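Below is one structure, written out as structure tokens; comments come after it.
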Amino acid sequence: MQTIRHSEQTLRAALISKNPVLVSQYEKLGAAERRLMNEAFRPASDLFEPITLHSQSDWITSHPEPPQDFEEFFNDPSRKTPSPEKHSIYIQCIGSLGNTRVISEEYIKWLKGYCEAFFYGLTVKLLEPVPVTATKCSFRVNDNTQNLQIHAGHILKFLKKKKPEDAFCIVGITMIDLYPRNSWNFVFGQASLTDGVGIFSFARYGSDFYSSSYEGKAKAFQKKSSSDYSVFDDYYIPAVTSVLLLRSCKTLTHEIGHIFGLRHCQWLACLMQGSNHLEEADRRPLHLCPICLRKLQCAIGFNIIERYKALVRWIDDDSADTPRVTPKHSREDNVNLPKPVEAFKEWKEWIIKCLAVAQKSEPSYRSN
Ligand SMILES: [Zn+2]
Ligand SMILES: [Zn+2]
Numbered sequence: 001m002q003t004i005r006h007s008e009q010t011l012r013a014a015l016i017s018k019n020p021v022l023v024s025q026y027e028k029l030g031a032a033e034r035r036l037m038n039e040a041f042r043p044a045s046d047l048f049e050p051i052t053l054h055s056q057s058d059w060i061t062s063h064p065e066p067p068q069d070f071e072e073f074f075n076d077p078s079r080k081t082p083s084p085e086k087h088s089i090y091i092q093c094i095g096s097l098g099n100t101r102v103i104s105e106e107y108i109k110w111l112k113g114y115c116e117a118f119f120y121g122l123t124v125k126l127l128e129p130v131p132v133t134a135t136k137c138s139f140r141v142n143d144n145t146q147n148l149q150i151h152a153g154h155i156l157k158f159l160k161k162k163k164p165e166d167a168f169c170i171v172g173i174t175m176i177d178l179y180p181r182n183s184w185n186f187v188f189g190q191a192s193l194t195d196g197v198g199i200f201s202f203a204r205y206g207s208d209f210y211s212s213s214y215e216g217k218a219k220a221f222q223k224k225s226s227s228d229y230s231v232f233d234d235y236y237i238p239a240v241t242s243v244l245l246l247r248s249c250k251t252l253t254h255e256i257g258h259i260f261g262l263r264h265c266q267w268l269a270c271l272m273q274g275s276n277h278l279e280e281a282d283r284r285p286l287h288l289c290p291i292c293l294r295k296l297q298c299a300i301g302f303n304i305i306e307r308y309k310a311l312v313r314w315i316d317d318d319s320a321d322t323p324r325v326t327p328k329h330s331r332e333d334n335v336n337l338p339k340p341v342e343a344f345k346e347w348k349e350w351i352i353k354c355l356a357v358a359q360k361s362e363p364s365y366r367s368n
């Protein structure tokens, strides 16, 4: 295992920069916000850790990219910023996300709530879910894993056409696996930064995708025609566990981060680190390092402390998002589905530590 440890000076310059205009902008931030962000280069800080590389197949080793500090982000002429007219993140669900309508609806509301806290200050809107057939995308059965896959580029075209006027971006989410072109095995997601459009699949985030008993194998499937989408009816969807919710929140915020112009982070352990495989994605934290946090704050204009509090509120609110009315139609409606937030507990503890550092008080929450 290798650690990428930058000097205090390097991290300070990456965060604050040496450009007098950006330095003065930094100094105008609230004392609490600066106290927190300065943890990036405080040697004894345990909030922000260096990046660790576990193998040659990790992202940084296999995809060398130039690092992006705050100043480079700030000066990037191609990056997109929300405006009062384009202030909403739209989420379009493609196919079902859960095994029942209730699970599907609740799950997408949890993701919406999470994005609203993460991109604090922007509005997140849900578009009416559509079946795969509505997208008119190509599809296939993967030769290795035997599961159904839909063509990511075709979905992007579909989403681009559906992008509402007030959208900063539109992101599609699906439980069907994706492929970018015939010669590729699969892709977790694909985005067009210039169009502000992205599609991401959570198919491989279920606990069973890589197991031999995976139920999404469509071996017997014979494609009748390119427009026969009936194979997607009742297709296997993994159970929505806390880990699946965590992985999908992580992917969604990482990918939307790219749409804001944040490139892969090479400074500290951070949500914006690239990941080459699921194991590496799981190691990546849910939080942004101060350098990436300053980039996002610069794009959206939130108060960092308020944003952290909103994230804690989302974790604490583990009840169903909408109170259930008395069921009229089916027994299914009677299910009260609590948000499975067990996997977020460690992160909550971390945010509370951050708030304590920022507000210079003792942590009010301690783990045993
Ligand atoms: Zn990425
Ligand atoms: Zn970062």
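Under our numbering, the first residue of the sequence shown carries the number 1, and numbering increases by one thereafter.
We put the CB at the ideal spot given by N, CA and C, even for glycine.
The model shown is predicted, which means the values in this text are computed figures rather than measured ones.
Less than 9 Å between the beta carbons of residue i and residue j, yes or no?
i, j, result
"Phe260", "Ala299", "yes"
"Leu244", "Gly198", "no"
"Tyr107", "Ile170", "no"
"Leu22", "Ala40", "no"
"Cys265", "Pro67", "yes"
"Trp347", "Ala117", "no"
"Asp195", "Phe186", "no"
"Met1", "Thr61", "no"
"Phe200", "Val132", "no"
"Ser88", "Lys125", "yes"
"Lys309", "Phe73", "no"
"Glu71", "Ser17", "yes"
"Glu33", "Ala356", "no"
Find the nearest neighbour of residue i within the set the options, judged by alpha-carbon distance.
i, options, result
"Val341", "Ile352, Gln359 and Asp316", "Asp316"
"Val102", "Val124, Pro338 and Lys348", "Pro338"
"Cys249", "Gly95, Asp282 and Ser211", "Asp282"
"Ile291", "Leu36, Val21 and Gln2", "Leu36"
"Leu127", "Glu116, Cys93 and Gly206", "Cys93"
"Arg204", "Pro84, Ile304, Thr145 and Thr253", "Thr145"
"Tyr375", "Lys162, Leu252, Ser78 and Glu65", "Outside the shown range of the chain (1 to 368) lies residue 375, about which nothing can therefore be said."
"Ala134", "Ser45, Gly172, Gln297 and Leu15", "Gly172"
"Ser96", "Tyr235, Trp184 and Asn336", "Tyr235"
"Pro285", "Arg294, Glu72, Lys18 and Cys270", "Cys270"
"Ser138", "Gln190, Phe202, Glu71 and Arg181", "Arg181"
Along the chain, where does the alpha helix (DSSP H) that runs through residue i open and close?
i, result
"Thr10", "Glu8 to Ile16"
"Arg283", "Leu278 to Arg283"
"Cys292", "Pro290 to Ile300"
"His254", "Ser242 to Ile259"
"Glu311", "Residue 311 is actually Leu in this sequence, not Glu. Segment Ile304 to Asp316, the alpha helix (DSSP H) holding Leu311."
For the beta strand (DSSP E) containing residue i, list its first residue and its last residue.
i, result
"Lys125", "Thr123 to Val130"
"Ala400", "With the chain running from 1 to 368 in the structure shown, residue 400 is simply not present."
"Cys169", "Ala167 to Thr174"
"Phe200", "Val197 to Ser201"
Examine ligand 4 and report whether any of its heavy atoms sits within less than 8 Å of the Cβ of residue i.
i, result
"Ile291", "By its list of ligands, the structure shown excludes ligand 4, since it contains just ligand 1 and ligand 2."
Checklist entry - Listed in chain order, which residues are found with a beta carbon closer than 6 Å to a heavy atom of ligand 1? => result His254, His258, His264 and Gly274
Item to check | Every unbroken alpha helix (DSSP H) inside the segment 56-87 [4 residues or more] | outcome: 59-62 and 70-75
Next on the checklist: Runs of 4 residues minimum, wholly inside the segment 17-43: which ones carry the alpha helix (DSSP H) assignment?
Outcome noted: 20-27 and 31-37
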